[in-house]
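K.L.:
In the working numbering, the protein residues as written are 1379 to 1439.
Positions of the beta carbon are idealized from the N, C-alpha and C atoms, including for glycine.
#1: Just to confirm my understanding: we take residue 1414, look at its own chain, exclude 5 residues before and 5 after, and list those with CB closer than 6 angstroms. What are they?
#2: Going by alpha carbons, who is nearest to residue 1403 out of 1393, 1422 and 1392?
#3: Helix, strand or coil, according to DSSP, for residue 1419 in the structure here?
#4: Please confirm whether residue 1425 and residue 1411 have their CB atoms less than 8 angstroms apart.
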């Protein structure tokens, strides 16, 4: 029974986790994107370091 509840908790937590991914435009420029399912907000940054800064400012202050 505990295993089933743990799976439910893991599923719910995964749905609320920040999602981060890379994308490229037709010119080959790479972007870093993030979606926060709790707030419904998205952001796009030019570099991995800019995305890390955004995450740290948003979630660790």
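P.N.:
In short, the structure shows the following:
#1: 1396, listed in sequence order.
#2: Comparing Cα positions, the closest option is 1422.
#3: In the structure shown, the three-state DSSP call for residue 1419 is strand.
#4: No, they are not a contact pair.
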